[in-house]
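Please read the structure below before turning to the comments.
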Amino acid sequence: MKFRSFDNSAEEETGLPLTPLIDIIFLLLIFYISIGRIQQVESQIALSLPTAQSAESPQQSIGDVIINVDTEGTITVNNQEMSVEVLENKLKR
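Mapping to the numbering used here: the sequence shown position 28 is 28, numbers consecutive.
Here it is in C-alpha cells:
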C-alpha cells in the first residue's frame with residue numbers, strides 16, 4: 001500500500017497581511033493618546049472670569065421696543081402677542 005504525502009509548502013497562504021494592520025492600529029493608538037493629552041491640558045488652563053457688578057437687569061427706556069419670536073412663530077411685542085400685520089403697522093408709525 002502506497003501513501004501519498006501532502007506538500008503543504010506549495011499552498012499559498014491566504015489571509016490578511018498583519019504587518020500593515022498592526023502599523024495602523026499603533027498609529028491610531030498614538031493619535032488618540034496625544035489628542036487626549038491635549039484636551040486634558042486645555043481643560044486645566046486657569047481662567048479668571050470677570051464678575052458682575054450687580055445682578056439687576058438693565059432698565060428699559062420708554063422708547064425701547066422688545067420683539068420676541070418663539071419657535072412656534074408667535075410674536076410678542078413688549079409682552080403682548082401680536083400678528084405680523086399689526087406689528088408692521090406699529091413699526092411704520
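By construction, the Cβ of each residue, glycine as well, lies at the ideal position given by its N, Cα and C atoms.
Endpoints, beta strand (DSSP E) assigned at residue 81: Its beta strand (DSSP E) spans residues 80-82.
Extent of the continuous beta strand (DSSP E) run through residue 77: Note, residue 77: beta strand (DSSP E), 75-77.
Alpha carbon of residue 103 to alpha carbon of residue 54, nearest angstrom: Given that the chain is displayed from residue 1 to residue 93, the structure contains no residue 103 and the question cannot be resolved.
Proximity winner among 91, 17 and 16, relative to residue 65 (alpha-carbon distances): Taking the Cα of residue 65 as reference, the smallest distance to any Cα among 91, 17 and 16 is reached at 91.
Three-state secondary structure (DSSP) of residue 67: If DSSP states are grouped into helix, strand and coil, residue 67 belongs with the strands.
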